[in-house]
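In full-length UniProt numbering, the protein residues as written are 1 to 671.
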């Protein structure tokens, strides 16, 4: 008896082996692909637009199982999967979908995401691909109404119909009833699909008991049931995204019953009131985003006991009161953002013991008092923003234990005292903003050893010292990384030195509101080979300072003053002379719009630029001059041809030299 049982067990394997051998020997060409399915794919290709020839491997002479994006069954040769998702805008497929796909009788995976089908409807015949388990048409430019025939795909486990952001292309549906038959569905993404007219959407989705992930972001939803659902069938849901809708209601309590939730996104949906207390039961939660809503309660203390939480984002609400103190159990927290709220009082000590925290943003609140001076245990912190509060201590030395810090923003507070030399410990920092405080003293020499620093903003403080010493301080390894330096409205004084030319990658230098004078050697401010790096130079002179800035546009040239010297210097107003000087001007001086075009005064030529009460361009002369009385209009539509210069006259408030990617230069007023 056992012998016969054994024979019965192995017979299917024998037959399968024979079928495989027979298939191998009956195909002399060695091709795995079935001819009928190859022809179906070729017909499918014929109706596609393929501007970047992504489907060049789809050649009738070759095995279709070796074509790009095609996966076959190794035993039967049937086409099982089509992977044609796009990764670059220039290589998007278009055209239309040929119904020849119906001849791929074993197809279970179809991905056409991120292509551009120009707003055509999703073909109804896709609902007849009975074996499909995975269907993604995400961001592929389909428009119109979702066909209810997709409800026939009873084997479907993954469905992504995410809409597109292409102008004039809108995908929507008036009912989601067709979803109710997709009982095997585990992941559903209808983001950017208009569900404005789809009533009872939640009741339908609640019937999908296998659902693990639901994305309904930006679906134009206006109503969400607040009452507890009679039975939460999708209790296995791990990901729920209802962001960017228009609910304008309290956060519904039934969400608290989704105890398997790992990720919950409710941002930008008009939710008001408080975070439901039941959220404390969501012990599996790792990511909670309720940002950009109208939530206006205090921060609940239980929120800081969700020990699995990795990311908490509550920014741009109206939360008030202090951040709760006491023992926090957020041992896994990597990102905390409660910026742009109405939180106040001092920061709890618990905050500074989150050694897993990577990102902390508390900016634009009402926090006050001193920043703690004890060592901070934020050993993983890379991004810290405490700006736009009312912290009123010195810069805490405990900060310098955050050795991985890449971005530090303490601007717009009431910090006082000097910048400690320990700032040199922040060797990973690329962005440093200490602007709009009450810092005094000099810039410490250790700052020059911040070899990765690209942006430094120390503006609007009381920092003093000679500009030459500042440049010397910043002449360490920092000279290779600095791109933007903001030092305006401090108490710097003295003369420039040739050290300014050492900053090889500097693009923006703002120094106005100081007491700097003297000669700025033209050859050492990027005017030579480095000039093309400069995008903005803003020098707002003091009452006693008049700068003449001689710049050369073309690499290797320098502007010449009348005495043959090159450079930027203080001095008195002088005229600019050139051959064939033309006068240009903008309408309504002093009230010029940003996009004001230059208009040429064809009837007047000027031998002396100082006689022109306008913007003067020398077509074939030496320089361009902004003369006194012009109002310094913001006009950015000219490009000087050779050399250019501008003269800042008494009473001017600021002129910016602006560079653009096409290499042209323009001047604009600092508003």
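The C-beta atom is built at its ideal place from N, Cα and C for all residues, glycine as well.
A quick note: this is a predicted structure, and the numbers were derived from the prediction, not measured.
Scanning the stretch 188 to 234 from its first residue to its last, the whole alpha helix (DSSP H) runs of 4-plus residues come out as 201 to 205. Rounded to the nearest whole angstrom, the CA to CA distance from residue 249 to residue 272 is 6 angstroms. In this model, residue 260 and residue 236 are separated by some 6 angstroms (Cα to Cα). Relative to residue 107, the option among 86, 133, 123 and 99 whose CA is nearest is 133. Residue 385 has its alpha-carbon roughly 33 angstroms from the corresponding atom of residue 496. According to DSSP, residue pairing for residue 320 in a beta bridge involves 298 and 342. DSSP lists 111 as the bridge partner or partners of residue 83.
The beta carbon of residue 484 sits closer than 6 angstroms to those of 455 and 508, all from its chain and outside the five residues before and after it, given in chain order. In the assembly as shown, residue 245 is a buried residue. Its beta-carbon has 16 or more other beta-carbons within 10 Å. DSSP places residue 367 inside the beta strand (DSSP E), whose first and last residues are 366 to 369. A check of alpha carbon separations from residue 489 across 511, 289 and 301 identifies 511 as the nearest.
Residue 185 is classed as buried because its beta carbon has at least 16 other beta carbons within 10 Å across all chains shown. Around residue 144, the same chain offers 121 as residues with beta carbons nearer than 6 angstroms, after the five sequence neighbours per side are excluded. For residue 471, the enclosing alpha helix (DSSP H) stretches over residues 467 to 473. According to the DSSP assignment, residue 136 belongs to no alpha helix (DSSP H) but to the beta strand (DSSP E) extending over 134 to 136. Taking the C-beta atoms as reference points, residue 391 is found no nearer than 8 angstroms to residue 373. For the stretch 414 to 470, the full-length beta strand (DSSP E) segments reaching 3 residues or more read 416 to 418, 431 to 433, 438 to 441, 455 to 457 and 462 to 466 along the chain. DSSP places residue 269 in the coil class of the three-state scheme, outside both helix and strand. Taken atom to atom, the span from the alpha-carbon of residue 63 to that of residue 42 is near 12 angstroms. Counting the other Cβ atoms within 10 Å of the Cβ of residue 163 gives 16 or more, which makes it buried. For residue 155, the closest of 471, 103, 515 and 182 by C-alpha to C-alpha distance is 182. By DSSP's assignment, residue 263 forms a beta bridge with 239 and 287. Closest by C-alpha distance to residue 465, out of 398, 157, 439 and 381, is 439. Taking one beta carbon from each stretch, the stretch 89 to 99 and the stretch 56 to 70 have fewer than 3 pairs nearer than 8 angstroms; the two do not touch. Rounded to whole angstroms, residue 188 and residue 200 show a C-alpha spacing of 17 angstroms. With respect to the 8 angstroms criterion, residue 479 and residue 463 are not classified as neighbours on the basis of their beta carbons. Nearest to residue 53 by alpha-carbon distance, out of 88, 37 and 149, is 88. Per DSSP, residue 41 is one residue of the alpha helix (DSSP H) stretching across 35 to 46. Contact check for residue 287 against residue 268 fails: the beta carbons are separated by 8 angstroms or more. Across the structure, residue 364 and residue 338 are spaced so that their CA atoms are roughly 9 angstroms apart.
Minimum Cα-Cα distance from residue 370 among the listed residues 414, 361 and 342 corresponds to 414. A distance below 7 angstroms between beta-carbons, with the five flanking residues on each side excluded, links residue 405 to the following residues of its chain, in chain order: 381, 382, 384, 426, 428 and 429. Here the alpha carbon of residue 94 sits roughly 27 angstroms from the alpha carbon of residue 178.
Between the beta-carbon of residue 493 and that of residue 467 there is about 7 angstroms, and that keeps the pair under the 8 angstroms contact cut. Shown here, residue 514 sits in coil according to DSSP, grouped into three states, outside any helix or strand.
With distances taken between CA atoms, residue 486 lies nearest to 514 out of 504, 514 and 477.
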